[in-house]
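Asker: The structure's right below; bear with me while I get my questions together.
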Amino acid sequence: MKNKTLATIILLYLSCIQTYGQLNFDAGSQFKSGVSYGTMTDSRDGKVYKTIKIGTQTWLAENLSYKTTTGSFAFDLDESIAKRYGRLYDWKTATTVCPQGWHLPSNAEWNLLTEFLEDSIAGTKVKATTGWIPSKLVGNNNSGFCGLGSGYRHEDGTFGSLGLNANFWSATAVDSELVWGRNLYYMSEKVNIRKYSRTNFYSIRCVKD
Numbered sequence: 059m060k061n062k063t064l065a066t067i068i069l070l071y072l073s074c075i076q077t078y079g080q081l082n083f084d085a086g087s088q089f090k091s092g093v094s095y096g097t098m099t100d101s102r103d104g105k106v107y108k109t110i111k112i113g114t115q116t117w118l119a120e121n122l123s124y125k126t127t128t129g130s131f132a133f134d135l136d137e138s139i140a141k142r143y144g145r146l147y148d149w150k151t152a153t154t155v156c157p158q159g160w161h162l163p164s165n166a167e168w169n170l171l172t173e174f175l176e177d178s179i180a181g182t183k184v185k186a187t188t189g190w191i192p193s194k195l196v197g198n199n200n201s202g203f204c205g206l207g208s209g210y211r212h213e214d215g216t217f218g219s220l221g222l223n224a225n226f227w228s229a230t231a232v233d234s235e236l237v238w239g240r241n242l243y244y245m246s247e248k249v250n251i252r253k254y255s256r257t258n259f260y261s262i263r264c265v266k267d
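Going by this note's numbering, the residue at position 146 of the sequence shown is 204; the numbering climbs one at a time, nothing skipped.
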């Protein structure tokens with residue numbers, strides 16, 4: 059019995075090491091080898107982002123990480139996580155924070171992306187192969203979009219789902235409280251459409267004007 063308990067502890071320990079390694083990846087290692095990326099420099103802070111053309115659209119190939127004075131947070135208030143996963147923004151901030159020449163995608167622009175990548179497996183094609191809790195359904199990143207499991211911050215200040223979910227804003231409101239958005243789940247092959255509260259904090263992917 060003692061040997062069995064020890065073996066279980068060792069397996070859990072090794073699992074934790076593997077999971078942490080996936081979530082604590084080196085910034086930039088999520089990019090797909092062999093994919094032709096462009097670049098864009100945010101003149102506000104000098105950060106250089108990789109960009110990717112998918113169909114007729116050009117997207118940032120990484121989450122926005124511009125630090126605003128209000129309306130954005132690093133996950134768990136840890137700036138080292140923000141360097142890898144980008145920052146989390148409320149919707150009001152999200153609608154104005156993309157760099158010049160870029161904008162927050164509308165619901166229709168998200169639809170255009172997922173339709174081009176084939177809706178039923180678009181999630182697999184946009185998810186990076188690192189930055190997620192290990193699972194056989196994480197993704198292959200064949201589109202070069204490099205979606206990461208960046209989690210969320212709720213209005214009450216709680217953070218969650220790092221490595222499990224990615225949540226992205228759209229610019230399209232549902233009503234006075236809710237906004238259309240997109241969700242990537244580590245065990246799903248789809249890009250899921252969601253209705254999000256404007257006061258929560260999610261990731262941003264800007265698309266070129």
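Built from N, CA and C at the ideal position, the CB exists for glycine as well.
With Asn169 as the anchor, note down where its alpha helix (DSSP H) starts and where it stops.
Answerer: Start at 1 with the first residue of the sequence shown, and residue 169 comes out as number 111. Where Asn169 is concerned, the enclosing alpha helix (DSSP H) stretches over Asn165 to Phe174.
Asker: Grab me the residues of Asp103's own chain with a C-beta within less than 7 Å of its C-beta, minus the 5 sequence neighbours each way, in chain order.
Answerer: Taking the sequence shown and counting its residues from 1, one reaches residue 103 at position 45. Answer for Asp103: Tyr124, listed in chain order.
Asker: May I have the straight-line CA-CA distance separating Asn200 from Lys185, to the nearest angstrom?
Answerer: Counted from its first residue, the sequence shown places residue 200 at position 142. Counted from its first residue, the sequence shown places residue 185 at position 127. Cα-Cα distance, rounded: 8 Å.
Asker: In the DSSP assignment, find the alpha helix (DSSP H) that holds Ser277 and state where it starts and stops.
Answerer: No answer is possible for residue 277: the residues shown for the chain start at 59 and end at 267.
Asker: Among the residues of its own chain, which have a CB less than 7 Å from the CB of Ser261, if the five just before and after it don't count?
Answerer: As a first step, residue 261 is located in the sequence shown; it is residue number 203 there, counting from the start. For Ser261, where only same-chain residues beyond five positions count, the Cβ hits under 7 Å are Asn121, Gly144, Leu146, Ser208, Ala224, Asn225 and Phe226.
Asker: Over the uninterrupted beta strand (DSSP E) stretch that includes Tyr107, give me the two end residues.
Answerer: Position 49 of the sequence shown, counted from the start, is the residue given in the question as residue 107. Residues Val106 to Ile112.
Asker: What span of residues does the beta strand (DSSP E) with Gly239 cover, start to end?
Answerer: Against the sequence shown, residue 239 aligns to sequence position 181. That run of the beta strand (DSSP E) goes Leu236 to Tyr243.
Asker: Would you tell me roughly how many angstroms separate the C-alpha atoms of Asp84 and Arg142, rounded to the nearest one?
Answerer: Taking the first residue of the sequence shown as 1, we reach residue 84 at position 26. Taking the first residue of the sequence shown as 1, we reach residue 142 at position 84. One C-alpha to the other measures close to 7 Å.
Asker: Mapping DSSP to helix, strand and coil, what is Leu122?
Answerer: Counting from 1 along the sequence shown, the entry for residue 122 is found at position 64. Residue state, collapsed to three classes: coil.
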